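Numbering (our numbering) for the sequence shown: -8 to 324. Just so you know, even glycine gets a beta-carbon here, dropped at the ideal spot from N, CA and C. Remember, it's a predicted structure, so these values are computed and weren't measured experimentally. Worksheet: one structure, shown below.
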Amino acid sequence: MRRPIRIAVTGAAGAISNNLLFKIASGEMMGTDQPVIMQLIEVPGRMEALRGIAMELEDCAFPLLHTITLHDNVEEGFENIHYALLIGAYPRGPGMERRDLLEMNAEIFARQGKALNDFANRDVKILVVGNPANTNALIASRNAPKLSPSQFTALTRLDHNRAKGILANHTGANPKNISRIVVWGNHSTTQYPDLHHATILDEPAMQQISEEWYRSVYIPKVQQRGGEIIAARGQSSAASAAQAIVDHMHDWVLGTSPGEIVSMGIFSDGSYGIQKGIVYSFPVRCDYGRYQIVKGLEINEWGLQQMRLTEQELLDEKSAVNHLLPTATAASH
Ligand code: LMR
């Protein structure tokens, strides 16, 4: 049996976690031979609700769930962790854009970055889910000078999965037969869901849809899906966000399937001309616990414009939180 790994989850009594924690405990995320210790974190006023979730987890008698600990602060909750899922944040309501949360959530992620720096295992892998996820990942990383920026990622797998699901529904294909979708940029309405490299049953996806549908229906639908769900449900997506977190971490740690490309928000290394120092969604492949940007994809002029637009939004978000970004110590910051 393998040694248990420590996973911290913030916002652990929230709606996403309510779907997520049971998947983790059943082995869906880290593998069915990997025991886990869950370090669950909530704000002080939600500790009773968290106790309730912990009871339910216990009552499932999951063989892989080694221990659960409950914490009302990140400093204690991040102690010795190998993985951090940063979900807790003010969520957006109807009529808001994710960037409207920038000011409200920035302080939370600055504190979490410092706590990761001081208390987490040195090779901790971090996924930021709370919005605006890309810029929150940037803030957390810049507050954690002892950790490498490559340890910080933001969730755009939700957009990636949406892009796949909506395409499957439109074409009648099974999602498992759709590959190589790319979501570029920000987890926001400027993201660019790119089907030019995608295949359905190994045939180019773009040959199976019309350009008109792609540009005027499909792209806006994927871009605005989060808002559409909030309008319909009165609260943001939860089950699909949990599934995307499982997929993101599973692929990062256990590897992507051969030939597949997935989308992850990661620090730009300058690939595809995207400025360094922002967290941008790129096409990646993962192996042995590392991700690598898929290079050399051909991008047309129109696609490049879309990529620049979402890059610009991230640069603007970065300037808006500049006061929370301590001077970088590592070159790649
Ligand atoms: C989503 O995309 O569903 C989440 O980021 C929640 C939101 O604010 O849209």
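For residue 286, three-class secondary structure by DSSP:
Within the sequence shown, numbered from 1, the residue matching residue 286 stands at position 295. Correct three-state label for residue 286: coil.
Compute the minimum distance between the beta carbon of residue 148 and the heavy atoms of the ligand LMR, and state whether it is under 7 Å.
Reading the sequence shown from its first residue, position 157 is the one you call residue 148. Result no, Cβ not under 7 Å from the ligand LMR.
Can you tell me which of the three DSSP states residue -1 falls into?
For the purposes of this step, residue -1 is taken as the residue at position 8 of the sequence shown. Assignment of residue -1 by DSSP, reduced to helix, strand and coil, places it in the strand class.
Would you tell me roughly how many angstroms separate the C-alpha atoms of residue 177 and residue 301, rounded to the nearest one?
Position 186 of the sequence shown, counted from the start, is the residue given in the question as residue 177. Position 310 of the sequence shown, counted from the start, is the residue given in the question as residue 301. Roughly 6 Å between the two C-alpha positions.
Does residue 107 come out as helix, strand or coil in the three-state DSSP assignment?
To locate residue 107, count along the sequence shown from 1; it is residue 116. In the structure shown, residue 107 adopts helical secondary structure according to DSSP, grouped into three states.
What number of angstroms, rounded off, separates the C-alpha of residue 131 from the C-alpha of residue 4?
Reading the sequence shown from its first residue, position 140 is the one you call residue 131. Reading the sequence shown from its first residue, position 13 is the one you call residue 4. Residue 131 and residue 4 have their alpha carbons spaced roughly 22 Å apart.
Between residue 234 and residue 152, how many whole angstroms is the CB-CB distance? I'm expecting something under 8 Å.
Start at 1 with the first residue of the sequence shown, and residue 234 comes out as number 243. Start at 1 with the first residue of the sequence shown, and residue 152 comes out as number 161. Cβ-Cβ separation between residue 234 and residue 152: approximately 7 Å, consistent with a contact (criterion under 8 Å).
In the structure shown, what three-state DSSP assignment does residue 62 receive?
The count along the sequence shown starts at 1 and reaches residue 62 at position 71. Residue state, collapsed to three classes: strand.
Under 8 Å by Cβ, that's how I've got residue 10 and residue 223 pegged, so tell me the actual separation to the nearest angstrom.
Locating residue 10 in the sequence shown gives position 19, where the first residue counts as 1. Locating residue 223 in the sequence shown gives position 232, where the first residue counts as 1. Their Cβ separation, rounded to whole angstroms, is 17 Å, which puts residue 10 and residue 223 out of contact at 8 Å.
Where residue 173 and residue 127 are concerned, what is the direct C-alpha to C-alpha distance, given to the nearest angstrom?
Indexing the sequence shown from 1 puts residue 173 at position 182. Indexing the sequence shown from 1 puts residue 127 at position 136. Cα to Cα, the separation comes out at about 22 Å.
Relative to the C-alpha of residue 279, which candidate in 303, 247, 272 and 254 has its C-alpha closest?
Within the sequence shown, numbered from 1, the residue matching residue 279 stands at position 288. Here the closest residue by C-alpha is 247.
Within 8 Å, do at least three Cβ pairs link the stretch 92 to 112 to the stretch 149 to 167?
Taking a cut-off of 8 Å for Cβ pairs, the stretch 149 to 167 and the stretch 92 to 112 do not touch, as fewer than three such pairs fall below it.
Coil, strand or helix - residue 88 by DSSP
Counting from 1 along the sequence shown, the entry for residue 88 is found at position 97. Three-state DSSP puts residue 88 in coil, outside helix and strand.
When 244, 115 and 184 are compared against residue 277, the one with the closest alpha-carbon
Taking the sequence shown and counting its residues from 1, one reaches residue 277 at position 286. Taking each of 244, 115 and 184 in turn and checking the Cα distance to residue 277, the smallest one comes out for 244.
Rounding to the nearest angstrom, what Cα-Cα distance links residue 140 and residue 268 in this structure?
As a first step, residue 140 must be located in the sequence shown, where it is residue number 149. As a first step, residue 268 must be located in the sequence shown, where it is residue number 277. Using only the alpha carbons, I get a separation of about 9 Å.
Alpha carbon to alpha carbon, how far is residue 303 from residue 12?
For the purposes of this step, residue 303 is taken as the residue at position 312 of the sequence shown. For the purposes of this step, residue 12 is taken as the residue at position 21 of the sequence shown. Taking the Cα positions, residue 303 is about 35 Å away from residue 12.
Out of curiosity, what's the CA-to-CA distance linking residue 97 and residue 312?
On the sequence shown, position 106 is the one that residue 97 refers to. On the sequence shown, position 321 is the one that residue 312 refers to. Distance from the CA of residue 97 to the CA of residue 312, rounded to the nearest whole angstrom, comes to 7 Å.
For a quick check, are the C-beta atoms of residue 210 and residue 199 less than 8 Å apart?
Your numbering for residue 210 matches position 219 in the sequence shown. Your numbering for residue 199 matches position 208 in the sequence shown. No, they are not a contact pair.
Do residue 184 and residue 135 have their beta-carbon atoms positioned less than 8 Å apart in this structure?
Position 144 of the sequence shown, counted from the start, is the residue given in the question as residue 135. Position 193 of the sequence shown, counted from the start, is the residue given in the question as residue 184. Annotated as distal: residue 135 and residue 184, with beta-carbon spacing of 8 Å or more.
Spatial neighbours of residue 216 within its chain, please: C-beta separation below 7 Å, excluding the five flanking residues on both sides.
The sequence position of residue 216 within the sequence shown is 225, counting from 1. Closer than 7 Å at Cβ, skipping near neighbours: 153.
Given a threshold of 16 other Cβ atoms within 10 Å of its Cβ, counted over all protein chains shown, does residue 160 qualify as buried or as exposed?
In the sequence shown, counting from the first residue as 1, residue 160 sits at position 169. Under this definition residue 160 is an exposed residue.
What are the boundary residues of the beta strand (DSSP E) that includes residue 255?
The residue given as residue 255 occupies position 264 in the sequence shown. Residues 253 to 258.
Comparing C-alpha positions only, which one of 284, 287 and 31 sits nearest to residue 67?
The count along the sequence shown starts at 1 and reaches residue 67 at position 76. Of the candidates 284, 287 and 31, the one whose C-alpha sits nearest the C-alpha of residue 67 is 31.
heavy atom of the ligand LMR below 7 Å from residue 222 C-beta
For the purposes of this step, residue 222 is identified with residue 231 of the sequence shown, where counting begins at 1. Relative to the non-hydrogen atoms of the ligand LMR, the Cβ of residue 222 never comes closer than 7 Å to any of them.
Taking only the alpha-carbon atoms, compute the straight-line gap between residue 308 and residue 93 and give it to the nearest angstrom.
The count along the sequence shown starts at 1 and reaches residue 308 at position 317. The count along the sequence shown starts at 1 and reaches residue 93 at position 102. The straight-line gap from Cα to Cα measures roughly 8 Å.
Contact test: residue 228 Cβ vs the ligand LMR heavy atom, cutoff 7 Å:
As a working mapping, residue 228 is identified with position 237 in the sequence shown. At least one heavy atom of the ligand LMR is found less than 7 Å from the C-beta of residue 228.
Please determine, among 100, 175 and 2, the residue with the shortest C-alpha to C-alpha distance to residue 147.
The residue labelled residue 147 in the question sits at position 156 within the sequence shown. Residue 147 has its Cα closest to that of 175, out of 100, 175 and 2.
Residue 323 to residue 51 span [Cα, whole Å]:
As a position in the sequence shown, residue 323 is number 332, starting the count at 1. As a position in the sequence shown, residue 51 is number 60, starting the count at 1. Legend: pLDDT at residue 323 = 45, less than 50; position of this residue unreliable, value from coordinates given subsequently. Per the coordinates, the alpha-carbon of residue 323 lies some 44 Å from the alpha-carbon of residue 51.
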